[in-house]
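Everything below concerns the one structure shown next.
Chains as they are written, first to last, in my numbering: chain A, 6 to 312; chain B, 6 to 312; chain C, 6 to 312; chain D, 6 to 312.
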């Protein structure tokens, strides 16, 4: 059980349950369980209609390597189970990345040539969620209104994720660390790595949150999860527009106009059962509006107190 | 007629043909022509199978104000002619922005309250295209493989747009200046303003380009245009993956993997007849690969020579 | 518990749990539970990897009236929670139909005029499903590979539905009777009525079924459930093509060609969390191929024995 | 030039321009022009805002064989130019059908086995269109509001197609005969055959038609063309609902409800640049409403007079 305000430190295993150890370990052969999560944690006092704030204080790769792969019939540029086609699957192939925390890079190695290149280390959690609404139980591979496998690279250390609570105790779970991923996660897999996670939770009582939201020091984001991708865009923009209207007192069309010119948008994943996109706006544009009672700043201060 | 290497200076009228002069001028009442373009220009020597490079040396708003609007049944958060629904249209409303070139801001004014806020000035061209393939003639509102109404905010001064040539002379046309727009252009309209355009064209002979591509000083982008939005994502990522493979010698799956971790993606528009997304990668990751014979750097140098 | 071969007679309440009794009873006001189902039933001997055959012997409306409605933000021609828009909801309105079993008609009455017209009575079950795979628990409003809220009007008396078994006992449940519905169920609601259901179950051991399939006396159908709608089409056609290849010995492209010319297709629902489409082919074209060991004919014979 | 009321007899070549003569003639090798059409014909007196009625009196295959094929990256179960993927293309293969007009069948022959089967002969025109609106020129492969490559198997002899007129003279063109096709035309190609076409045209002055509509002796249909497929569904259902409201005096939601229970729907094509679906309702349900001044019955009577 977690208490509001409590800090939790743990290690989350990678999406392959740690079973892919070399480029010769094909996930379809060696993995028994995909996308394991830590949890669920019962959050004391959480009730349906509340909002759970999950602040990521630190994300540190737990190993000095990460793995990625192509999977048969999974990813954006391949036929899949639902975008069903008559093509044979693409080759299943594994890539091993070096993770250098001191240099803050991950190193890519081609499999069919000696090409190698360094990319910025940018740790994130692919999966953070609570129990879904309506008594449903969903696979950890699914992103939706309850969070889950959002695969949004903006979910970095220093951010607070807001999730609506659907059941008593909220039942928080998380995992699927990526040393980094591209926007859209086009092949379906990030640089998967076991992750040391330090997070703090808090509760905003009696304030519902319809879709996952992220707060950073300088911006607000709404996340939509749907297919087709334009619906993920619509959900995220709609949530941001209505949120901006509420925060600024703007009428709905005035907020629509402001977000139309000031908003940013990007895909999280275009491969999971539901696709995700985020809509973002700088808080400066909202003239310093405070959201959820300032919980992000309070939790953010914990980081300063700890290190 | 334009010669390769030639610099062109002109002014492009806004998407309202300059007919919206105050917030009381509803586009549906005052506009006879939407999205006028400058051109078409016959580019000397351009033949089908070549690539036209269009380098934007400078984009400067031609007036100290811009206009935006909601249109009946146009935009991402409204029923449209094709996402047909039984709702009455949202209100048609116009917003006037101040454009302050010295402070480099555009100033938003709410219509139903006294809320006002400054956003960064970020001039772009919504529409740059050549004649389509296959003898087609398309409205200037349409983005597709020939360019057209891409509405991609990354099409700023300092960038080079590559378009495949489909007809002798290419027939370049452009317009639809925005003082800025959000990613996805959610309400369907940017901060529309007449734009002083300085551009240079060049030709890469016998090199085809399947979809619009953008080069900046530090990155390469591919643009897809399609519905649903995931197909715009697929096209742009597929073009970038195959382009990266060609530039680096990586095999196709190795390039797929690299773009999966290093790639960026964002929507241009989610409102036009076809939606657009771009896929981007830093050229540093490609170890300094030169594309299209280095034409971007040569055209970029023109800017230094002129100012 | 049900034994293979066993016949079950029961009554399934309507999707409003019987709470909508007059056109003045708005579902959003009077309903506490939507889409209740009868079950789940444990089917003796059913194991993952088997196929459950559910044969509908008879479907008879249990009342002489049925109800339909428009719901706020539900249906194909309205903004919804995921096709999120800024429109206010359409009006919530209820229609009461007379059901005349002797004349075999349902009678529509307009609410804003005295227009009335008779439509053929065509009873069906909207929801028939087993427990989903992977330990998931889904709302009864969801159609997917496990069946569920398929809302396919072809699920009439005289048909056999094949569902892959995911958990021991299969856990069959059903409900959501419609006196009839249009293809696509465009407003999101059929002519909802409590239904007397007579069905028989059987098991095909060690034969998996990837997506729901229907057999009638003269045709085979595959059902896909997905968004966007083309993916529901792709799934259903892909399943039918591979099934035809298996039944006829045709190679995959030969089967693709045959289905391309001989196949039928129609939407079930275009309103639920996943859309459904069926793909159908006449068994005569397959030169009398027998599927699932002829279980449909054996179960069909039960009907003759009973009446 | 055609006069309203005039009957035209002609032969339309097949979509391969007649160049595929045996199963060894791969379209990508032997075809210079795809989907040729007869026309355009200037219809005397047709003005923008009118409706052109095209009544198909007779469709007779002009040869005793037809051809079908799989194309690289074309069709619903394959990666395409816009649903871009990394798979190599499926094999290009040609099938030759026997067309037996006396027995009213087409005979399928497998290519990799000796499987052969007869299917009902059901001649239709894939492409019937007028000049598009807004000065556009579109490829004959494109279906849209102007008609074009609708690929709707319901476009048989005995039906009247209504198309809105966009330019003086309408500019009617047609072709792409199919001896039959499945619903959705899943592989992208029907049983293509040169077709003897007998049609009559008429004009309904000052009556616009927003999307293609079909009238048969007993039903009305609206056709939508869009991607994703749900938008083709939405367009067709929306057009049918508003049309029914206009014909019956029902208010919009009452018409929505009636179509929800009485409407039929099916895909035409799920492979062309825009997908098509039709929405249909029996005229009996509309209590004998007469549309477009009864032009269908008058043109239908021509058939009786001619044979």
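The beta-carbon is built from N, C-alpha and C at its ideal position, and this holds for glycine as well.
- Residue 76(D) and residue 16(B) have their C-alpha atoms roughly 46 Å apart.
- Taking a 10 Å sphere around the C-beta of residue 200(B), we find 16 or more other C-beta atoms and assign the residue as buried.
- Within chain A, the residues 87 have their CB atoms less than 7 Å from the CB of residue 231(C), given in chain order.
- Proximity to residue 131(B) across 7(B), 105(B), 179(B) peaks at 179(B), based on C-alpha coordinates.
- Your pair residue 161(B) and residue 128(B) checks out as a contact, with CB atoms roughly 7 Å apart and the cut at 8 Å.
- Contact with chain A is found for residue 235(B), since one of that chain's Cβ atoms lies less than 8 Å from the residue's Cβ.
- In the assembly as shown, residue 158(D) is a buried residue. Its beta-carbon has 16 or more other beta-carbons within 10 Å.
- Scanning chain C for C-beta atoms nearer than 7 Å to the C-beta of residue 186(D) yields 266, reported in chain order.
- Between residue 197(B) and chain A, the shortest Cβ-Cβ separation is not below 8 Å.
- Of the other Cβ atoms in all chains shown, 16 or more fall within 10 Å of the Cβ of residue 165(A); this residue is therefore buried.
- Here the alpha carbons of residue 149(B) and residue 207(B) stand approximately 21 Å from one another.
- Contact between residue 276(D) and residue 80(D) holds: CB atoms are separated by about 5 Å, below the 8 Å threshold.
- Residues of the stretch 140-165 of chain C with a Cβ closer than 7 Å to any Cβ of chain A, in chain order: 140, 141, 142, 143, 144.
- Within its own chain, the residues whose Cβ lies closer than 6 Å to the Cβ of residue 284(C), once the five positions on either side in sequence are excluded, are 227, 241, 242, 245, 268, 270, listed in chain order.
- Neighbours of residue 261(A) across chain C, judged by C-beta separation under 7 Å: 91.
- Annotation for residue 98(C): 74, 75, 116 place their beta carbon closer than 7 Å to its own, counting only its chain and skipping 5 residues before and after.
- Residue 240(D) reaches chain B at 87, 89, counting residues in chain order whose Cβ is nearer than 7 Å.
- Contact of residue 109(D) with chain C is not assigned, every C-beta pair being separated by 8 Å or more.
- Its Cα nearest to that of residue 297(B), the residue 59(B) stands out among 47(B), 37(B), 59(B), 22(B).
- Under the Cβ distance rule, residue 253(C) counts among the residues neighbouring chain D, one pair being separated by less than 8 Å.
- A Cβ of chain D is located within less than 8 Å of the beta carbon of residue 82(A).
- Rounded to whole angstroms, the gap between the alpha carbons of residue 6(D) and residue 47(D) is 5 Å.
- Taking C-beta atoms as the reference points, residue 33(D) and residue 192(C) fail to come closer than 8 Å.
- From the beta-carbon of residue 279(D), no residue of chain A is found nearer than 7 Å; the closest lies around 15 Å away.
- Residue 301(D) counts as buried, since no fewer than 16 other beta carbons sit within 10 angstroms of its beta carbon.
- With a cutoff of 8 Å on beta-carbon distance, residue 153(A) and residue 145(A) are scored as near each other.
- Counting only residues of its own chain and dropping the five nearest sequence neighbours on each side, residue 43(B) has a CB closer than 7 Å to the CB of 15, 17, 178, 179, 180.
- Straight through space, the alpha carbons of residue 305(C) and residue 220(C) are spaced by roughly 11 Å.
- Straight-line spacing of the CA atoms in residue 133(D) and residue 9(D) works out to 17 Å.
- Using a Cβ distance threshold of 8 Å, residue 184(A) and residue 45(A) do not count as a contacting pair.
- Nearest to residue 121(C) by C-alpha distance, out of 62(D), 282(D), 291(D), 20(D), is 291(D).
- Using a Cβ-Cβ cut-off of 8 Å, residue 256(D) counts as an interface residue toward chain C, since at least one Cβ of chain C sits closer than that to its own.
- In its chain, beyond the 5 residues on either side, 22, 24 have a beta carbon closer than 8 Å to the beta carbon of residue 37(D).
- Annotated three-state conformation of residue 32(C) is helix, per DSSP.
- Only buried fits residue 205(A), as 16 or more other CB atoms lie within 10 angstroms of its CB.
- Proximity to residue 211(C) across 239(C), 168(C), 238(C) peaks at 168(C), based on C-alpha coordinates.
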